[in-house]
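What follows is a single structure, written as structure tokens, with notes after it.
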Amino acid sequence: MIDLSLLPDGGIGWLDASGPRGSIVLSTRIRLARNLEGYVFSQRAKDADRTAVLTRVEEAGAASELLRGAVTIRLDQLERLDRQLLHERHLVSKELAGLDREVRPRPGAALMVQGGVGVMVNEEDHLRLHGMRSGFALEDAYAQLEALDADLGRLLPFAFHPEFGYLTSCPTNAGTGLRASVLIHLPGLVLTKEVGKVLQGLAQVGLTFRGLYGEGSEVVGNFFQLSNQTTLGKSEDELLDHLGKIVRQVIEYEEQARDVLLRTAPDEVADKTWRAYGLLKYARKLTFEETMNLLSGVRLGVGLNLIPGLSVYTLNKLLIFTQPAHLAALEGRQTGDPELPTVRATYVRRVLETEAV
């Protein structure tokens with residue numbers, strides 16, 4: 079069983095809800111795609127190529143000022159439950175963890191973690207540098223990752239073209255290789271039926287939305303991941319500035335929608351949030367999707383000051399620890415155990431009893 083205590087803050091320091099606009103924005107994530115010059119790109123690489131890339135990256139990490147002493151986790155040597163745990167903590171992608179298929183991850187698949195940043199090795203690209211921050215913190219998240227990128231760039235020959243920028247396996251990532259995303263909670267827009275209009279507008283300004291776990295994941299609990307769609311033709315600062323402006327607008331729309339709900343249907347909103355809280359507090363069985371939707375209702379109530387004595391941190395923690403792999407690891411079970419809904423309800427009740435004031 080993987081020892082997650084080896085990771086700084088267990089790899090989930092962003093859960094603490096300390097960041098700006100933490101009641102609406104759960105986290106900010108920045109990712110930089112990089113490939114090594116002179117090595118076959120991952121999509122065409124053989125096992126020996128991937129192993130050689132990992133060795134080169136580990137050598138650079140040992141010499142790096144910012145990655146020296148990093149925890150290195152070989153995903154190709156982990157059991158599925160451990161790999162799913164890392165995925166549920168947003169530390170690795172589904173692809174790197176090999177969760178889409180019933181085979182082991184490709185040889186050389188690894189994660190390096192130091193402080194608030196991580197490096198996925200041998201995913202779609204040789205390197206995926208990534209960092210997460212609590213709340214809406216694009217500038218802080220990028221500053222930390224930019225420093226790591228520069229540090230590794232001194233030690234590794236990144237594949238770069240003077241016209242096309244950083245070269246990547248997928249052309250849509252070429253240029254800066256930057257993908258910035260904000261995980262945001264939009265129940266007000268969903269309840270007022272305005273969310274479709276807002277999401278449609280994102281595509282018109284070069285942004286996209288995904289579910290809780292990014293590409294390929296479904297939207298549950300009114301949590302949306304908003305990110306830039308293109309990386310070529312603009313600088314990192316321009317991409318971040320554009321995303322920041324749009325996210326601030328979406329936050330404003332969400333706050334306006336919540337004001338409308340309080341003004342036009344205060345009893346209905348209060349009833350919805352307290353019903354959600356009651357079900358979480360007393361239910362004996364809960365599916366993961368049901369839990370996410372109920373947490374969304376309670377989170378709305380906390381944000382509107384309708385439910386006192388419950389912290390956003392507690393809700394964030396429930397968001398992660400009620401997932402299948404976390405519950406299975408906690409109780410020594412399998413992720414497909416039919417008793418997991420009962421285990422989940424028991425865990426939620428225990429947390430609410432001990433952490434609610």
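For any residue, its number in my numbering is found by taking its place in the sequence shown, counting from 1, and adding 78. Idealized CB from N, CA, C, for every residue including glycine.
I'd like the list of long-range same chain contacts for residue i, defined as Cβ closer than 6 Å, with 5 residues on each side in sequence excluded.
i, result
"G253", "G243, T309 and L310"
"E409", "V421"
"S259", "R107, Q303 and S305"
"N251", "A111 and T309"
"L277", "F287"
"D94", "S212 and Y391"
"A354", "L372, G375 and V376"
"V135", "V199"
"K363", "P419, T420 and A423"
Between residue i and chain E, is the shortest Cβ-Cβ distance under 9 Å, so that the two count as touching?
i, result
"P344", "Absent from the structure: chain E. Only one protein chain is present."
Skipping 5 residues on each side, what residues in its chain have a beta carbon closer than 8 Å to that of residue i?
i, result
"E143", "D229"
"R411", "L405, E417, L418 and V421"
"G284", "N306, Q307, T308 and H320"
Just to check my reading of the structure: residue i and residue j have Cβ atoms closer than 8 Å, yes? What is that Cβ distance to the nearest angstrom?
i, j, result
"G299", "M370", "3 Å"
"G176", "P183", "4 Å"
"L110", "D227", "6 Å"
"I80", "L163", "6 Å"
"E433", "T392", "5 Å"
"L40", "A138", "Any answer about residue 40 is impossible in this case: the structure gives the chain only from 79 up to 435."
"V131", "H204", "5 Å"
"V118", "D125", "11 Å between Cβ atoms; not a contact."
"F301", "L261", "6 Å"
"L223", "V149", "Going by Cβ atoms, the distance from L223 to V149 rounds to 18 Å, so no, they are not a contact pair."
"L189", "L256", "In fact, because the Cβ distance is near 20 Å, the residues do not count as touching under 8 Å."
"T342", "L378", "With a Cβ gap of about 15 Å, T342 and L378 do not count as contacting."
"M210", "S105", "5 Å"
"E314", "Y425", "Actually they are not in contact, since the Cβ atoms of E314 and Y425 sit about 41 Å apart, beyond 8 Å."
What does a CB cutoff of less than 7 Å around residue i pick up in its chain, not counting 5 residues either side in sequence?
i, result
"N383", "none"
"T174", "One detail in the question is off: residue 174 reads as Leu in this sequence, not Thr. L153, P183, A187, M198 and E201."
"I90", "R167 and I398"
"C248", "E202"
"L159", "A403, A406, A407 and T413"
"P185", "D125, R128, T129 and D154"
"V273", "L264 and L267"
"T365", "P419"
"D178", "K172"
"T270", "A335, V338 and L339"
Per DSSP, which residues does residue i bridge with? Please list them.
i, result
"L207", "L110 and V197"
"L189", "I151 and M198"
"Y244", "F238 and G253"
"H263", "F301"
"A258", "I108"
"N306", "L285"
"V103", "I262"
"S212", "S105"
Ignoring anything shorter than 4 residues or poking outside the region 144 to 181, list the alpha helix (DSSP H) runs there in chain order.
Segments of the alpha helix (DSSP H) lying fully in the region 144 to 181: 158 to 166 and 172 to 175.
With three or more beta-carbon pairs closer than 8 Å as the criterion, would you say the region 262 to 269 touches the region 327 to 338?
Yes, the region 262 to 269 is in contact with the region 327 to 338.
Okay, do the region 349 to 368 and the region 317 to 326 touch, 3+ Cβ pairs below 8 Å being the bar?
No, because fewer than three Cβ pairs between the region 349 to 368 and the region 317 to 326 fall closer than 8 Å, the two stretches do not touch.
Could you tell me whether the region 89 to 103 touches the region 214 to 222, using the rule of 3 or more Cβ pairs below 8 Å?
Result yes; three or more Cβ-Cβ pairs closer than 8 Å.
In chain order, which alpha helix (DSSP H) runs of at least 4 residues are fully inside the region 350 to 435?
Here the runs fully enclosed are 366 to 381, 390 to 399, 402 to 409 and 418 to 433.
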